[in-house]
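Residue numbers (my numbering): 2 to 237.
For glycine and all other residues, C-beta sits at the position ideal for the given N, C-alpha and C.
Quick notes on the structure that follows.
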Ligand SMILES: O=C(O)CCC(=O)C(=O)O
Ligand SMILES: [Fe+2]
């Protein structure tokens, strides 16, 4: 698992999918806690301007901040920390974990970079855990542009418009997806039921803890700490 080859692929592609990384029992336990927490009709957390402009509809939950102990088992799961160190080096910091839930009929998540790409050395690392299968008939597949973490700023344009080279990933239960914070990525709309992922965010040594405060979309840059559009973006 902690192979040089995995590091090479991550550095080249800006993502790394490890299939069946987590055991089924842990996934079932976390999945049950998440569905119990959200129930059928969660309220939106973000303000109206964000929801309309960002074409991103997720309800976040921070289970470790509420002391929900089983979520700590991911942090100590064999290989999880070692792989993190392989990808982003020693002395990395553990930022937080967040479940992102989207209901049927919602937009998913528009193309974005989790943090601004101006400084190649400053970025977060997403460690996405899928506790149940993502299914094409439900929607919510993850789309990435391989290698885009080396291409600077996500091009301005249609929030969900297709991009050259995009690759659709349909993660399954127990999969672990590492995603570089500068990689261009989105989540497809949710056609049925609901979908969620659980993200354990980390960052290389020396990265400010608020690295993901400003997110880059194709039509704006948005700051979450004060719910503010900090830059409007237009194509051409
Ligand atoms: O929910 C997903 O699969 C992707 C989440 C994402 O874009 C993120 O955590 O930054
Ligand atoms: Fe993201």
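In this structure, residue 127 has its CB closer than 8 Å to one or more heavy atoms of ligand 2.
Here the C-alpha atom of residue 16 lies approximately 10 Å from the C-alpha atom of residue 128.
For residue 149, the secondary structure class from DSSP, reduced to helix, strand or coil, is helix.
DSSP, read as helix, strand or coil, puts residue 71 in helix. Within the DSSP bridge table, the entry for residue 200 names 99, 129 as partners. Between the alpha carbons of residue 73 and residue 27 lies a distance of about 11 Å.
The shortest CA-to-CA distance from residue 30 to any of 168, 63, 70, 20 is the one to 70. By the CB criterion at 9 Å, residue 5 and residue 105 fall outside the cutoff. Looking at 235, 156, 12, the one whose alpha-carbon comes closest to that of residue 122 is 12. When only Cα atoms are considered, residue 64 and residue 101 end up about 11 Å apart. With fewer than 16 neighbouring CB atoms inside 10 Å of its own CB, residue 210 falls in the exposed class.
Among the bridge pairs identified by DSSP, residue 114 is matched with 217.
Scanning its chain for C-beta atoms nearer than 7 Å, with the 5 sequence neighbours on each side dropped, one finds around residue 38 the residues 62, in chain order. Only buried fits residue 125, as 16 or more other CB atoms lie within 10 angstroms of its CB.
If you draw a straight line from the Cα of residue 98 to the Cα of residue 200, it comes to about 5 Å.
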